[in-house]
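Visitor:
Number of protein chains: 2
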Amino acid sequence: MPFTPTTRARLTQPERVEAMRNRLLDATIESLAATGYSGFSTNDVVRRAGVSRGALAHHFPVKADLIAAAGQRLIALRAAEFRQRFDGIPPARRTVAKALNVLWSFFDDPSFHALMELTIAARSDPELRTVMAAESKQVADTTLEVFGEAFPELAEQPFIAETLQAILALYTGLALQQAVDADADGRHAAVRRMLKGLLTMAAAGAAE
Amino acid sequence: MPFTPTTRARLTQPERVEAMRNRLLDATIESLAATGYSGFSTNDVVRRAGVSRGALAHHFPVKADLIAAAGQRLIALRAAEFRQRFDGIPPARRTVAKALNVLWSFFDDPSFHALMELTIAARSDPELRTVMAAESKQVADTTLEVFGEAFPELAEQPFIAETLQAILALYTGLALQQAVDADADGRHAAVRRMLKGLLTMAAAGAAE
DNA sequence: GGCTACATACCGGCAGGCTTGCCTGCCGGT
DNA sequence: ACCGGCAGGCAAGCCTGCCGGTATGTAGCC
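Protein sequences appear in the order of chains Z and S. Under the working numbering, read the first sequence as residues 265 to 472, first letter to last. Under the working numbering, read the second sequence as residues 265 to 472, first letter to last.
1. Could you give the uninterrupted runs of the beta strand (DSSP E) lying entirely in the region 285–323 of chain S, keeping only those of 3 residues or more?
2. Does the contact criterion of 3 or more C-beta pairs under 8 angstroms hold for the region 390–400 of chain S versus the region 454–467 of chain S?
3. How is S:Thr359 classed by DSSP in three states: helix, strand or coil?
4. Against chain Z, with Cβ distances strictly below 8 angstroms, would S:Ile384 count as a contact?
5. Where does Z:Phe371 sit, in a helix, a strand or coil, going by DSSP?
6. Taking the alpha-carbon positions, what's the S:Gly318 to Z:Phe423 distance?
7. Taking Cβ positions only, does S:Phe411 come closer than 8 angstroms to chain Z?
8. Rounding to the nearest angstrom, what Cα-Cα distance links S:His322 and S:Ile384 in this structure?
9. Just curious, the alpha helix (DSSP H) that S:Arg483 is in, first and last residue?
10. Could you give the DSSP three-state label for S:Arg387: helix, strand or coil?
11. Kindly indicate if chain S contains any beta-carbon less than 8 angstroms away from that of Z:Gly318.
12. Could you list which residues in chain S have their beta carbon closer than 9 angstroms to that of Z:Phe376, in chain order?
13. Could you list which residues in chain S have their beta carbon closer than 8 angstroms to that of Z:Gly303, in chain order?
14. So with Cβ pairs under 8 angstroms, would you call S:Phe423 a contact of chain Z?
15. What's the call for Z:Arg357, buried or exposed, on a 16-neighbour Cβ count within 10 Å?
16. Please work out which residues of its chain come closer than 6 angstroms, Cβ to Cβ, to Z:Ala273, disregarding the five sequence neighbours upstream and downstream, and give them in chain order.
17. Is S:Gln429 closer than 8 angstroms to S:Ala404 when the C-beta atoms are compared?
18. Can you grab the Cα-Cα spacing for the pair S:Thr299 / Z:Glu381, in whole Å?
19. Excluding the 5 residues flanking Z:Tyr435 on each side, which residues of the same chain have their C-beta closer than 7 angstroms to its C-beta?
20. Please determine, among S:Arg337, S:Ser295, S:Phe304, the residue with the shortest C-alpha to C-alpha distance to S:Arg285.
21. Once you ignore the five residues that flank Z:Ala328 on each side, which residues in its own chain have a CB closer than 8 angstroms to its CB?
22. Are there 16 or more other CB atoms within 10 angstroms of the CB of Z:Ser295, so buried, or fewer, so exposed?
23. Give the interface partners of S:Arg451 over in chain Z, defined as CB-CB distance under 7 angstroms, in chain order.
24. Pairing CB atoms from the region 340–352 of chain Z with CB atoms from the region 306–315 of chain Z, are three or more of them under 8 angstroms?
25. So is Z:Ala448 in contact with chain S if we call contact Cβ pairs under 8 angstroms?
26. Quick one: residues in its chain with C-beta nearer than 7 angstroms to the C-beta of Z:Thr271, no 5 flanking neighbours on either side, listed in chain order?
27. Would you mind reading off the limits of the alpha helix (DSSP H) that contains Z:Glu345?
28. In terms of residues, what are the limits of the alpha helix (DSSP H) holding Z:Ala430?
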């Protein structure tokens with residue numbers, strides 16, 4: 265019988281493995297966002313995932329493996345989500361302001377907090393560091409690439425790469441402060457408005 | 265010879281207390297910068313300070329007290345150091361580019377790493393959060409104030425506060441990435457150059 | 001195609017190591 | 001002499017990594 269996978273209640277082995285791994289990894293990301301890297305424990309992961317300690321030990325024998333894998337998954341998830349949300353903008357309404365809104369939505373997000381926890385932790389953890397070091401460059405490249413597809417005429421402008429890099433850094437800094445001081449949102453909103461105005465003007469000037 | 269009590273080998277009691285507290289706090293900051301918040305332990309602090317566990321317990325009964333106090337000291341130290349370095353620039357050579365160099369020197373510094381560890385940790389720690397939340401605003405105010413003293417004519421320009429806030433956030437983001445990816449310095453240097461050029465042009469335009 | 005043997009995924013408990021906070025005792029200053 | 005500052009040991013709690021045991025999927029054989 266050529267198994268139709270939809271009718272089968274139980275999944276095949278590789279499917280189960282994949283599901284379990286993602287479940288553990290998602291629980292890890294969730295735990296990082298919630299308790300922070302310092303409060304992070306494998307016990308919390310198995311609790312959130314609803315599995316036993318043995319299951320975790322089977323797939324990720326040591327804690328560092330779990331964290332590194334979670335970091336890679338987090339990066340991949342954010343990259344995929346980025347393309348998706350960006351493509352969600354109707355081509356007719358692709359303005360610089362809209363693009364900035366989409367970009368900012370990634371910094372006002374639980375997954376950003378998890379990313380920050382891992383980034384900071386990576387400074388003191390060589391293994392994790394190699395994972396997260398690649399991330400910063402990859403984010404810059406992905407952003408430039410997606411932006412180039414959406415705004416072909418602007419992609420040729422000089423200093424585009426530097427400008428995008430600057431925006432990413434700026435948003436990172438703003439989001440970081442906002443994580444500890446929610447009241448700063450007012451001042452930060454003014455900064456984001458100024459940036460938006462500046463860039464729309466620059467884009468209009470470049471388009472002549 | 266002025267009446268400095270240097271001849272006295274032993275210090276008076278309040279002086280000893282103050283010295284011990286600062287010694288413990290500095291060891292805490294040093295430990296945070298070195299091992300990160302997650303790897304931080306009171307044992308490491310007493311080891312670095314070269315004192316016993318009892319001494320630490322006497323001045324800071326619980327760990328959270330120590331961390332909060334270290335955060336406050338770190339902020340105060342950086343603020344004082346900021347004014348000092350800024351005043352160190354000869355008034356005749358006070359250009360925007362120089363000011364940016366001084367500002368950046370605070371983000372390329374071990375104390376910045378300690379500050380980031382505390383900032384991230386503060387997200388999951390209400391007590392520390394109140395300390396660090398005030399920090400972000402204080403940094404913005406101090407920067408604006410010192411900048412205003414050095415460049416009185418620019419301080420009246422519109423969007424100065426927002427611009428400074430943006431620069432602080434931008435530098436934070438750059439320094440953060442650089443902490444995990446030293447190779448990014450090349451790309452980041454280009455961003456900083458671009459920013460420097462932009463701001464000197466803007467300053468020249470404002471001065472007419 | 002059905003049954004058996006093996007491999008793999010998963011469970012729950014245990015020991016070792018580390019950290020924190022407390023407690024008693026000693027020393028120097030006042 | 002008294003008191004505050006400091007030293008060092010101790011117990012409780014938690015976390016990590018490992019282990020034997022069990023259930024389930026997969027492959028080989030009739």
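Where a beta carbon is used, it is the ideal one built from N, C-alpha and C, also for glycine.
Guide: Considering the structure as presented:
1. none
2. no
3. Looking at S:Thr359 - three-state DSSP - the assignment turns out to be coil, as it is neither helix nor strand.
4. yes
5. coil
6. 57 angstroms
7. no
8. 28 angstroms
9. No answer is possible for residue 483 of chain S: it lies beyond the span of chain S, which begins at 265 and ends at 472.
10. coil
11. Not an interface residue.
12. Neighbours of Z:Phe376 on chain S: none; closest Cβ ~11 angstroms, over 9 angstroms.
13. Ser388
14. yes
15. exposed
16. With a pLDDT of 41 at Z:Ala273, under the threshold of 50, the modelled position of this residue cannot be trusted; read the value that follows with caution. Excluding five sequence positions before and after Z:Ala273, none of the CB atoms of its chain fall closer than 6 angstroms to its own CB.
17. yes
18. The C-alpha of Z:Glu381 is placed about 14 angstroms away from the C-alpha of S:Thr299.
19. Leu367, Trp368, Phe371
20. Of the listed residues, the one whose Cα sits closest to S:Arg285 is S:Arg337.
21. Hits under 8 angstroms: Asp389, Glu391, Leu392.
22. buried
23. Gln429
24. no
25. yes
26. Note that Z:Thr271 scores 34 on pLDDT, short of 50, meaning its location in the model is unreliable; the coordinates nonetheless yield the value given after this. Closer than 7 angstroms at the Cβ level, and outside the excluded window around Z:Thr271, lies no residue.
27. 327–351
28. 424–444 is the extent of the alpha helix (DSSP H) around Z:Ala430.
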